[in-house]
Each structure stands twice: as structure tokens, then as C-alpha cells.
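The listed protein sequences derive, respectively, from chains V and P. Each residue of the first sequence is one higher than the last, beginning at 58 in our numbering. Each residue of the second sequence is one higher than the last, beginning at 58 in our numbering. We put the CB at the ideal spot given by N, CA and C, even for glycine. The model shown is predicted, which means the values in this text are computed figures rather than measured ones. These notes concern the structure reproduced below.
There are 2 protein chains.
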Amino acid sequence: MTERNTTGAAAPADTKTLKVALLGAGNVGAQVARILLEDADVLAARTGARLELVGIAVRTIDAPREVDLPRELFTTDASALVRGADVVIELMGGLEPAKTLILEAIEHGATVVTGNKALLAVDGPSLYEKADAAGVQLSYEAAVAGAIPILRPIRDSLAGDKVTRVMGIVNGTTNFILDQMDTTGAQFADALAEATRLGYAEADPTADIEGHDAAAKGAILASLSFHTRFALEDVHCQGITSVTASDIAAAKDAGFVIKLLAIAEKLPLPAADKGAAGEARQGDAGESGYGVSVRVHPTLIPRSHPLAAVHGAFNAVFVEAESAGELMFYGRGAGGTPTASAVMGDVVSAARRMVLGGPGRTETTAGVLPVLGIDAVTTQYYIGLDAADQPGVLAKISALFAENGVSIETMRQTVHRERGADDDGAPGLAELRIVTHRASEAALAATVQAISGLDIINSITSVLRVEGV
Amino acid sequence: MTERNTTGAAAPADTKTLKVALLGAGNVGAQVARILLEDADVLAARTGARLELVGIAVRTIDAPREVDLPRELFTTDASALVRGADVVIELMGGLEPAKTLILEAIEHGATVVTGNKALLAVDGPSLYEKADAAGVQLSYEAAVAGAIPILRPIRDSLAGDKVTRVMGIVNGTTNFILDQMDTTGAQFADALAEATRLGYAEADPTADIEGHDAAAKGAILASLSFHTRFALEDVHCQGITSVTASDIAAAKDAGFVIKLLAIAEKLPLPAADKGAAGEARQGDAGESGYGVSVRVHPTLIPRSHPLAAVHGAFNAVFVEAESAGELMFYGRGAGGTPTASAVMGDVVSAARRMVLGGPGRTETTAGVLPVLGIDAVTTQYYIGLDAADQPGVLAKISALFAENGVSIETMRQTVHRERGADDDGAPGLAELRIVTHRASEAALAATVQAISGLDIINSITSVLRVEGV
Numbered sequence: 058m059t060e061r062n063t064t065g066a067a068a069p070a071d072t073k074t075l076k077v078a079l080l081g082a083g084n085v086g087a088q089v090a091r092i093l094l095e096d097a098d099v100l101a102a103r104t105g106a107r108l109e110l111v112g113i114a115v116r117t118i119d120a121p122r123e124v125d126l127p128r129e130l131f132t133t134d135a136s137a138l139v140r141g142a143d144v145v146i147e148l149m150g151g152l153e154p155a156k157t158l159i160l161e162a163i164e165h166g167a168t169v170v171t172g173n174k175a176l177l178a179v180d181g182p183s184l185y186e187k188a189d190a191a192g193v194q195l196s197y198e199a200a201v202a203g204a205i206p207i208l209r210p211i212r213d214s215l216a217g218d219k220v221t222r223v224m225g226i227v228n229g230t231t232n233f234i235l236d237q238m239d240t241t242g243a244q245f246a247d248a249l250a251e252a253t254r255l256g257y258a259e260a261d262p263t264a265d266i267e268g269h270d271a272a273a274k275g276a277i278l279a280s281l282s283f284h285t286r287f288a289l290e291d292v293h294c295q296g297i298t299s300v301t302a303s304d305i306a307a308a309k310d311a312g313f314v315i316k317l318l319a320i321a322e323k324l325p326l327p328a329a330d331k332g333a334a335g336e337a338r339q340g341d342a343g344e345s346g347y348g349v350s351v352r353v354h355p356t357l358i359p360r361s362h363p364l365a366a367v368h369g370a371f372n373a374v375f376v377e378a379e380s381a382g383e384l385m386f387y388g389r390g391a392g393g394t395p396t397a398s399a400v401m402g403d404v405v406s407a408a409r410r411m412v413l414g415g416p417g418r419t420e421t422t423a424g425v426l427p428v429l430g431i432d433a434v435t436t437q438y439y440i441g442l443d444a445a446d447q448p449g450v451l452a453k454i455s456a457l458f459a460e461n462g463v464s465i466e467t468m469r470q471t472v473h474r475e476r477g478a479d480d481d482g483a484p485g486l487a488e489l490r491i492v493t494h495r496a497s498e499a500a501l502a503a504t505v506q507a508i509s510g511l512d513i514i515n516s517i518t519s520v521l522r523v524e525g526v
Numbered sequence: 058m059t060e061r062n063t064t065g066a067a068a069p070a071d072t073k074t075l076k077v078a079l080l081g082a083g084n085v086g087a088q089v090a091r092i093l094l095e096d097a098d099v100l101a102a103r104t105g106a107r108l109e110l111v112g113i114a115v116r117t118i119d120a121p122r123e124v125d126l127p128r129e130l131f132t133t134d135a136s137a138l139v140r141g142a143d144v145v146i147e148l149m150g151g152l153e154p155a156k157t158l159i160l161e162a163i164e165h166g167a168t169v170v171t172g173n174k175a176l177l178a179v180d181g182p183s184l185y186e187k188a189d190a191a192g193v194q195l196s197y198e199a200a201v202a203g204a205i206p207i208l209r210p211i212r213d214s215l216a217g218d219k220v221t222r223v224m225g226i227v228n229g230t231t232n233f234i235l236d237q238m239d240t241t242g243a244q245f246a247d248a249l250a251e252a253t254r255l256g257y258a259e260a261d262p263t264a265d266i267e268g269h270d271a272a273a274k275g276a277i278l279a280s281l282s283f284h285t286r287f288a289l290e291d292v293h294c295q296g297i298t299s300v301t302a303s304d305i306a307a308a309k310d311a312g313f314v315i316k317l318l319a320i321a322e323k324l325p326l327p328a329a330d331k332g333a334a335g336e337a338r339q340g341d342a343g344e345s346g347y348g349v350s351v352r353v354h355p356t357l358i359p360r361s362h363p364l365a366a367v368h369g370a371f372n373a374v375f376v377e378a379e380s381a382g383e384l385m386f387y388g389r390g391a392g393g394t395p396t397a398s399a400v401m402g403d404v405v406s407a408a409r410r411m412v413l414g415g416p417g418r419t420e421t422t423a424g425v426l427p428v429l430g431i432d433a434v435t436t437q438y439y440i441g442l443d444a445a446d447q448p449g450v451l452a453k454i455s456a457l458f459a460e461n462g463v464s465i466e467t468m469r470q471t472v473h474r475e476r477g478a479d480d481d482g483a484p485g486l487a488e489l490r491i492v493t494h495r496a497s498e499a500a501l502a503a504t505v506q507a508i509s510g511l512d513i514i515n516s517i518t519s520v521l522r523v524e525g526v
């Protein structure tokens, strides 16, 4: 079945054959199998090796699948399949048995390609180390932002530069929901229902809407960008379930759009930590005195920012580097065929190296920069308030910001006489929209608490972070 | 001077040293030298080798430079410098002596990194072959789209996919000029003067505004995207000098923006050529029956297209691939520091391979797809006409489109009574804006000629191609 020599341009007779084992035939796996079978000649010409799909491990052989694949390729004995393979493509997802099978593949010296972000976010560091120790290549471009080539550019193309910040829209489900809310004015629940109806959200959308999926990808992006290994627990994570239609409308009104961003950035160590961290942990040479924070949260960004134009279920990663400046990578973040493209890029690169010889892995996690918590981060903040419309309100609120060391960049007041006013002359309602300069979470929290104690405040309608201004 | 061991995280004592020769200390070269000197420790940690800058070849040792570099590094004997180097970074630009020095480097077995798109567009194919034959690595990420990692993603990340089309804003000068015209309504000459004043255009802007620079980059992009080698003469090239403020205004009015795009696309061979081309040239396996066309011209794209949001001197490359779908890569296309980032990415990748072993080059130009001329291309067209406002005009014009096999997608008419009407009752002026469906250049040219022969036509104000609808 791999002998589809239709063009006369097949590889020469002495072409090496590489045995490829596929674990999983879901959405992505089925498309990878199809490409391996249909494009066997193209792949042979590009790698110098025949990529022979020797089997597909699945739980149920007769399950319905998106692609019609030869029945004889299917097996339920994943372990036996792995032991006979040169290249193992793991697309089962989940922690087990994926992890055990990847470890078996490493042990047998097989090259591993995986798209399993959940596993990498939890066990990535130990898997990379085992692969390194065994001299085995472990690639995972498909684990972040689907079809978008992002890991290889960060690892190789920016290898001579210093990344300072990465901001990614790395979850298509939440981007679809927020984009729906932004374009139609829908509430979160309605936009989620629409995403479910269109197949952008799973039956249980928790991992997406709570930001867990974005956090896993953020950990992987941060690891490569900062040559330091991050795990899921290092990521501060806040989902989009509390974002309301009125948050979106107010943001829109002020020239912003709300996106769920995974943000990894290099920050100077807090003064108190410098000595200890500098001794205890060894930074990438020349980068001591810095740490890295990784966070996922709904974020206001200006409508003119390149990330603001990323609509629907598309993904994009915005990278800032010392020399390169601003870069953005945009494309489909999910879907069987797009993700299969990323998987196959890893497979072809691995095959070329196996044919031509070469290093298994070329990323370096040479240093370990200290992992910083959200308390080390400063961002701008957007705060929405409903206050009584009476003289001196702005002065009182401004004073509380100043007392807590939070500086105000812009403050907009809209007075609604009709809403709060009544016959006995009670004051109208003033909607205040405040954007601060950069402030720490602690300073902002103290400010918000102080303000909420004022008797002239009806409610604090939203507190959201702002980036990219 | 490379012993800047400030962090305690330097590479171990047995670290290999690679001798790096830099040819050229201009805009980009000076920044590369600075990074090699300043970041020596980081680079050693990332590559496992000390990258020792052994010399910088320049024409005039005492010329003023942007970066203060140690005088003892400079030499005017480029040839001697090349002979003693492990890695040669060529950033002189121009055809000679760059070509001779690169050939000397290849002959001596040195790895070569270059950003010289002019040389690659003219002599790339012969240089790649000589490097291949010598088993030497030749990298050139900086030659296309400055800091944007585009060549490596196309070569490696999309290696298991099939690119169908690449559209790039790859010249920052022309993008700046067109963006100025779009945002301010300026005429071409004024926008060019502004670009010159701000340093975005050179004293002699010919290579930029006539599209030659974009054509050279288009040839390189096409070569990697389609695993086929293209030279500059294969690229159909039209610059932006004839784009007027009224073209831009009309395009804006119709929801389009005008960009200078380099477009490379895979097209079915014209029926007549199939036999001959199929025999005479060997396509990438599985791709016989196809050819590739590369062209540069001003192009209308919808304002909702991701490329439309690329402003100022930024660059972006939009890639369509069979599996991946739509991808876009965005960033700074020029400038010393951004371009130096791309050069250093190549240098670090090369150094890693020299330390760890591995294949010199991994791109494959396994097949040679036939090169198709502009006559094989179909695009949508935008045509602006000034006609007499009298009954039957639309019918006459529509009939001529139909006779020539060009189908109309939209036609908008704006009547200006005040412009053409006079006291003796002569007709007013009708401005027609027509967007066609896809048509060949020949069919469109025949249509335009037929229309220009109508006595009711005052003038054909513009004929421009449309993509991305």
C-alpha cells in the first residue's frame, strides 16, 4: 500500500525504509494516516526514505473514523507496534497509556512525534530528559497552535536572539466565543452554546473555557522561548467564564478587544529574591537577575494590535525579541487536517535526520531561570465602576488610586441621569471606565478593595488586565 | 574579548571554538558583530561552542559605523579571513566580490550564512549546488522578510504538507509608501518623498519601487515552497510607480487595499504543455501535471484579509498549504537589528550542527516543476473606467466582457453630472468600477482593448489584479 509509484519520480531503489507506528486514529491521527498513505512518493522524495505506516494502534478496531483506512493496519496492541517502529507518532491524547508508550518508544530508540500538550505540560520535563539521555528525538510542534509553525521558529530561528515576551491566542474555542461576543454582543453562555453547536467546543468545555488548555500550551511556549522548563503548575490561570457582554461592550467602546492570552515574559527578579535566586538557580548565561512568569487570563488589547485581528477559531502567537522586535505567527489552531500538517512536518524533519544523520534534538534548555508567580507581574488594568453621580466622586476615587501607588492613564465618565435619578432628587449614576498605568496585582487589589469600601460606589463591574498598549 | 564570563553559567572548559568571519559591517553586519561580542556567553550556552569573531572584512577600515567595534577586528583582506574561518557570514550585499568569497568559503569547507537576496536570486541555484556538492551548509533566512522566520518554517515545518500558494508583502519601502497613500490620500511621489525623508527608501529607490527587490525574494520563497529552483528571470515583475491616489481611493471605496505582493502559486499545466512538460521535466513526486508561477505586482486585497492589516514598513508572508490551510508570518522586514536576528538564528543553528554533527542542508529541491509565465495565471481584476453617462453604456461594456470570456463579479456606477454636463445638454460622466471573476491576462487584455475602442469611453483609469477574495 505504500507502493503508489504513479509519477516516475519515486526515490531510487536503494531508498531506506523507516517503519512508522501511529498511536491513535482520531481527528488528527486519521489525517496523518491518510497523508502517509496518499503522499508516500512525495514524502520519499523529500526525505530520502520510504515512510512505511506499519500499523495504527486504536482502542476499538471497528470504531467509525473520518478517513477510510485499510483495516489490516489497525491493532489494539500498541506496545508491540511501538517495539517494531523507527518512528512513533503518538496522537492518542491524555496522560496514559500515552506516557508509557512514549517511554517504551524512547527506550527502544525510536524517534517520537507527539501532539499531546496535556502530557507535555505535566510530564514534559521528565520526557525531554529521558529522550535526551537516550539520544532520541522528541518533537511536538502539533502540541501548540495546531498548524502554525511556532515551536521550530522559536527554537531555531530565534536561537541567536533573546525572546522577551510571548503572547498567544492558543485556544480556538475561547477565541471563537470571545469573538462571537464581540461581534454579536452575545452573552458568554449563548456564545458557548453557539461554539458547541458548530463543533468548536467539546461536550465538556471545561479545559478550554477555564484556560487549562491555554495554560498547557503556555508552559510549552515558555519552555522553548526562555530555554527553561515550565510545567503546568507554574502557570497562573484564569478562564473566560466571568467575562460578560457588558465587559466586552465597555472594552469595545474604549477601543479594546478582549482575548484569552497565554503570556510568558522575562522579568527582572524582585530585589529581595536576587541574591537567593541567583545562587540557587543557574540562569541562561547573561540572563541572571531575570525570571520568567507565565499566565493565562482574559486580556484587553487595543483594536490596532495585530492579535486583535485574529478572529473565529484561529490562533496566533505574538513574539517580542530583543533584536527581531515584534513577530506574529497566525493560522489554524486545531482541526484534524491542519494539525496533521504540523505532525507531518515533525515526521519529515525526523526522517531527514535519520537518513542524513544528525543531532536528535537541537533545542537547548541550557539554563533554568527562576519561575515567577503572578505577584511579580505588572500590567495595565481596566476597571469598570458604577458610582453615584455627585460632586467629588472622581476626586475621592483618584485619591484612593494614588494612595495605593496605582497611576491612572485614562478615566472616562458617562452619566446616566435616567438610571439612578428619581423623584426625590437622588443622584444619577456615573459609569467610570479607568485604565491604569502598569501596576502590580497586589497594588491593584488593594486599590479595588479601598474603592469598594466607598459608600458612593454602587458596584465594581469589572477588573481586567490590559496588554499591548 | 569573547571571554565575558559574567554569570558563572559559561560553557564547560572543553567547549569547542568556532572561528567566525564576518564580511561587511554595514547596517546588519555591525549588529551581528555586536551580538557575537556582547552575547558570547549566551551563544556558547545555546550552541555548545564558543563563536569567536576572528575578523570583519570591510572596504574602508575607518568608515563611520553604527556600532563601536574593536578596531583590531577589521581587515580589508576578505579572502584571507574566509580561508581561516569555520563559519562565514556574508553581509556585503551585491554580486561581487560576495559571490567569489562565498565560493571560496564553500571550497574551504566553511559553513556560509548570507542575507544577500540579490545574489541568491541571480546565482542561488548554482551556489546551492556547489554547497551541496561540497557537503557545506548555506543558510539565508535573512534574505527574505528580514527578521521574520519564514524560510525555515516553509522548509521544515511544512515539509510534510504541500504548499499551494504563497503571497508576501516582502518589501517594506513599497508597503510604507502604499500604506501612506492609503491612510493620508497622498500621491505616489509625495509618499515616496516621505519614505525617503524617514529613511525607509534609499537615495535610488528603483529596486524597491519597480518591484525588483520583491521579485528576488519571491524567487527564493518559491524555490523553498515548491521544492523547485527559481531565478529572478522567472518572476513576472511590475512595480508600484503607476499606482495613483485615485486608484487607492477607488479601491478603498470598494473595500480593498492595494499592496505590492510577491505571489508564487502552483497551477495546473495548460493542456497543451502537459505531455511535453511531463516528459521534459520531472516534478516533485505526485505533482506532475503542475507548474509554478511567480509574480510581483500591485494587488487589491479585501480589507478583511490578514495581509491588509500589515502597515508601515512591516512585512508578512501568507502561506496556503493543502493540510495546514492558511498561515501568516508577520514582522519587521528590514533594519539592522531585526535582520541580524535572522542571521544569528542561522549562525546558531549551523553551530549546533557543527558541534552535534548532522546534515549540512535539509531543504530538498527534489523535483523541478515547470516554470509558468504570467500567461498561465488567472486572477480577478479591478478595472476603473470613465464613460459617458448615456443609456446603453453598461450593456455595451458588459457585452464586450462577455464576448472575451471575462465574467463580471461586481459593477458599480457613480454618475457625476457636474463633471461632464454642459449647457448644450452633453451627457454627464459615469465612473465605472468593475471587479471580474478570475480571468487570464490575455482575455483581460483583449477585453480592455475592445472597451478602449468604444467611443463612449473617456478613459480607462486603472487595471489592477485582485487576490484573496
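(request) Give the residues from the stretch 361-391 of chain P that approach chain V closer than 7 Å (Cβ to any Cβ), ordered along the chain. (result) Per Cβ criterion, the list reads PRO363, ALA366, ALA378, SER380, ALA381, GLY382, GLU383, LEU384, MET385, PHE386, TYR387, GLY388 and ARG389.
(request) Take the Cβ of V/GLY390 as the centre, count every other Cβ of all protein chains shown within 10 Å, and call the residue buried at 16 or more, exposed below. (result) Within the first sequence, numbered from 1, the residue matching residue 390 of chain V stands at position 333. Classification of V/GLY390: buried, given that the 10 Å Cβ count is 16 or more.
(request) Kindly identify the DSSP beta-bridge partner or partners of V/HIS473. (result) Numbered from 1 along the first sequence, position 416 holds the residue referred to as residue 473 of chain V. Under DSSP, V/HIS473 forms a beta bridge with V/LEU486.
(request) Within the same chain, show all residues whose beta-carbon is closer than 6 Å to that of P/ASN515, passing over the 5 residues directly before and after it, in chain order. (result) Against the second sequence, residue 515 of chain P aligns to sequence position 458. Same-chain partners within the cutoff: ASP443.
(request) Consider the Cβ of V/ARG122: report whether some Cβ of chain P lies at a distance smaller than 8 Å. (result) Counting from 1 along the first sequence, the entry for residue 122 of chain V is found at position 65. Not one chain P Cβ lies under 8 Å of V/ARG122.
(message) Applying the 10 Å Cβ sphere with the 16-neighbour rule, what's the burial state of P/ASP270?
(response) Locating residue 270 of chain P in the second sequence gives position 213, where the first residue counts as 1. The residue in question, P/ASP270, is buried, as its Cβ has 16 or more Cβ neighbours within 10 Å.
(message) Does P/ASP310 pass the burial test, meaning 16 or more other C-beta atoms within 10 Å, or should it be called exposed?
(response) Along the second sequence, one-based indexing puts residue 310 of chain P at 253. Exposed, since its Cβ has fewer than 16 Cβ neighbours within 10 Å.
(message) Using a Cβ-Cβ cutoff of less than 7 Å, which residues in the same chain neighbour V/LEU429 once the five nearest sequence positions on both sides are dropped?
(response) Stepping through the first sequence from its first residue, residue 429 of chain V is reached at position 372. Same-chain partners within the cutoff: LEU324, GLY348, VAL349 and SER350.
(request) Measure the alpha-carbon distance for P/ALA308 versus P/GLY346 and round it to whole angstroms. (result) The count along the second sequence starts at 1 and reaches residue 308 of chain P at position 251. The count along the second sequence starts at 1 and reaches residue 346 of chain P at position 289. Take the alpha-carbon of P/ALA308 and the one of P/GLY346: they are about 36 Å apart.
(request) Report back the beta-carbon spacing between V/PRO154 and V/ALA178 to the nearest angstrom; my notes put them in contact at under 8 Å. (result) In the first sequence, residue 154 of chain V corresponds to position 97, counting from 1. In the first sequence, residue 178 of chain V corresponds to position 121, counting from 1. No, V/PRO154 and V/ALA178 are not in contact; Cβ-Cβ is about 18 Å, not under 8 Å.
(request) On the DSSP bridge assignment, give the partners of V/ILE315 in chain order. (result) Here residue 315 of chain V refers to the residue found at position 258 when the first sequence is read from its first residue. Paired residue(s): V/LEU357.
(message) Going by DSSP, what residue range makes up the beta strand (DSSP E) through V/SER345?
(response) For this step, residue 345 of chain V is matched to residue 288 along the first sequence. Judged by DSSP secondary structure, V/SER345 falls outside any beta strand (DSSP E); it is assigned neither H nor E.
(message) Quick check for students: name the residue ranges of the alpha helix (DSSP H) that lie wholly in the stretch 267-303 of chain V, counting only runs of 4 or more.
(response) Counting whole runs of 4 or more residues, the stretch 267-303 of chain V contains the alpha helix (DSSP H) stretches 269-282.
(request) Kindly indicate if chain V contains any beta-carbon less than 8 Å away from that of P/GLU198. (result) The sequence position of residue 198 of chain P within the second sequence is 141, counting from 1. Taking CB atoms only, P/GLU198 has a neighbour in chain V less than 8 Å away.
(message) Could you tell me which whole beta strand (DSSP E) segments of length 3 or greater appear in the stretch 149-212 of chain P?
(response) Scanning the stretch 149-212 of chain P for uninterrupted beta strand (DSSP E) segments of 3 residues or longer gives 168-171, listed from N- to C-terminal end.
(message) Contact criterion: CB-CB distance below 8 Å. Does P/ILE315 meet it with respect to chain V?
(response) Position 258 of the second sequence, counted from the start, is the residue given in the question as residue 315 of chain P. Answer no: the Cβ-Cβ gap between P/ILE315 and chain V never drops below 8 Å.
(request) Kindly give me the distance between the Cβ atoms of V/GLY382 and P/VAL405, rounded to whole angstroms, as I take these residues to be in contact under 8 Å. (result) The sequence position of residue 382 of chain V within the first sequence is 325, counting from 1. The sequence position of residue 405 of chain P within the second sequence is 348, counting from 1. Between V/GLY382 and P/VAL405 a beta carbon distance of about 18 Å is seen, past the 8 Å cut, so the two are scored as non-contacting.
(message) Which residues in chain V have a C-beta closer than 7 Å to the C-beta of P/ASP270? List them in chain order.
(response) If you number the second sequence from 1, residue 270 of chain P lands on position 213. Those do not exist, as P/ASP270 stays about 20 Å from chain V at its closest Cβ, beyond 7 Å.
(message) Taking CB distances under 8 Å as the criterion, tell me whether P/ALA433 reaches chain V.
(response) Taking the first residue of the second sequence as 1, we reach residue 433 of chain P at position 376. No - not a single Cβ of chain V is within 8 Å of the one on P/ALA433.
(message) Less than 6 Å between C-beta atoms, sequence neighbours within five positions excluded: which residues of the same chain meet that for V/LEU148?
(response) Taking the first sequence and counting its residues from 1, the one referred to as residue 148 of chain V is at position 91. Shown here for V/LEU148: same chain residues with a beta carbon closer than 6 Å to its own, the five before and five after excluded, namely GLY81, VAL85, GLY86 and GLY172 in chain order.
(message) Please report the straight-line C-alpha distance between P/ASP125 and P/GLY83, rounded to a whole angstrom.
(response) Here residue 125 of chain P refers to the residue found at position 68 of the second sequence. Here residue 83 of chain P refers to the residue found at position 26 of the second sequence. Cα to Cα, the separation comes out at about 12 Å.
(message) Give me, in chain order, the residues of the same chain whose beta-carbon lies closer than 8 Å to that of V/ASP143; leave out the 5 immediate sequence neighbours on both sides.
(response) Position 86 of the first sequence holds residue 143 of chain V. Excluding sequence neighbours, V/ASP143 sits near LEU75, LYS76, VAL77, ALA167, THR168 and MET411.
(message) Does chain V have any CB closer than 8 Å to the CB of P/PRO359?
(response) Along the second sequence, read from residue 1 onward, the residue named residue 359 of chain P stands at position 302. Any Cβ of chain V closer than 8 Å to the Cβ of P/PRO359 would place that residue at the interface, and such an atom is absent.
(request) Could you run through the stretch 209-241 of chain V and flag, in chain order, every residue whose CB is less than 8 Å away from some CB of chain P? (result) Here the close residues are ARG209, PRO210, ASP213, SER214, LEU215, ALA216, GLY217, ASP218 and LYS219.
(message) Please report whether the beta-carbon of V/GLY529 lies at a distance below 8 Å from any beta-carbon of chain P.
(response) Examination of residue 529 of chain V is not possible in this model, given that chain V is present from 58 through 526 alone.
(request) Could you pull the start and end residues of the alpha helix (DSSP H) that P/GLU498 belongs to? (result) Working through the second sequence from its first residue, we reach residue 498 of chain P at position 441. Looking at the DSSP string, the run of the alpha helix (DSSP H) that includes P/GLU498 is 498-509.
(message) Between P/ALA397 and chain V, is any beta-carbon pair separated by less than 8 Å?
(response) Walking along the second sequence from the start, residue 397 of chain P turns up at place 340. For P/ALA397, at least one C-beta of chain V is nearer than 8 Å to its own C-beta.
(message) Which residue wins for smallest C-alpha separation from P/GLY181, given the options P/ALA252, P/ILE113, P/ASP119 and P/LEU281?
(response) For the purposes of this step, residue 181 of chain P is taken as residue 124 along the second sequence, with counting starting at 1. The residue with the shortest Cα to Cα distance from P/GLY181 is P/LEU281.
(message) Just list the residues that DSSP pairs V/LYS73 with in beta bridges.
(response) Within the first sequence, numbered from 1, the residue matching residue 73 of chain V stands at position 16. Answer is V/ALA106, bridged to V/LYS73.
(request) Could you pull the start and end residues of the beta strand (DSSP E) that V/GLY225 belongs to? (result) Residue numbering aside, residue 225 of chain V sits at position 168 when the first sequence is read from its first letter. Taken as a continuous stretch (DSSP letters only), the beta strand (DSSP E) holding V/GLY225 covers 220-226.
(request) Could you tell me which chain P residues have their CB closer than 8 Å to the CB of V/LEU324, listed as they occur along the chain? (result) Your numbering for residue 324 of chain V matches position 267 in the first sequence. What V/LEU324 touches in chain P: nothing, since even the nearest Cβ is about 17 Å away.
(message) Among the candidates V/ALA397, V/PRO210, V/LEU110 and V/ASP304, whose CA atom is the shortest distance from the CA of P/PRO206?
(response) Taking the second sequence and counting its residues from 1, the one referred to as residue 206 of chain P is at position 149. P/PRO206 has its Cα closest to that of V/PRO210, out of V/ALA397, V/PRO210, V/LEU110 and V/ASP304.
(message) Taking CB distances under 8 Å as the criterion, tell me whether V/PRO427 reaches chain P.
(response) Numbered from 1 along the first sequence, position 370 holds the residue referred to as residue 427 of chain V. Using beta-carbon distances, V/PRO427 does not count as an interface residue toward chain P, since no partner is under 8 Å.
(request) Please confirm if the stretch 395-409 of chain V is in contact with the stretch 192-201 of chain V, defined as three or more CB-CB distances below 8 Å between the two stretches. (result) The stretch 395-409 of chain V is in contact with the stretch 192-201 of chain V.
(request) Please compile the residues from chain P whose C-beta is within a distance smaller than 8 Å of the C-beta of V/LEU100. (result) Start at 1 with the first residue of the first sequence, and residue 100 of chain V comes out as number 43. Residues of chain P passing the Cβ test: GLY217.
(message) Just to confirm before moving on: does the CB-CB distance between V/ASP247 and V/HIS368 stay below 8 Å?
(response) On the first sequence, position 190 is the one that residue 247 of chain V refers to. On the first sequence, position 311 is the one that residue 368 of chain V refers to. Not in contact: V/ASP247 and V/HIS368 (Cβ atoms no closer than 8 Å).
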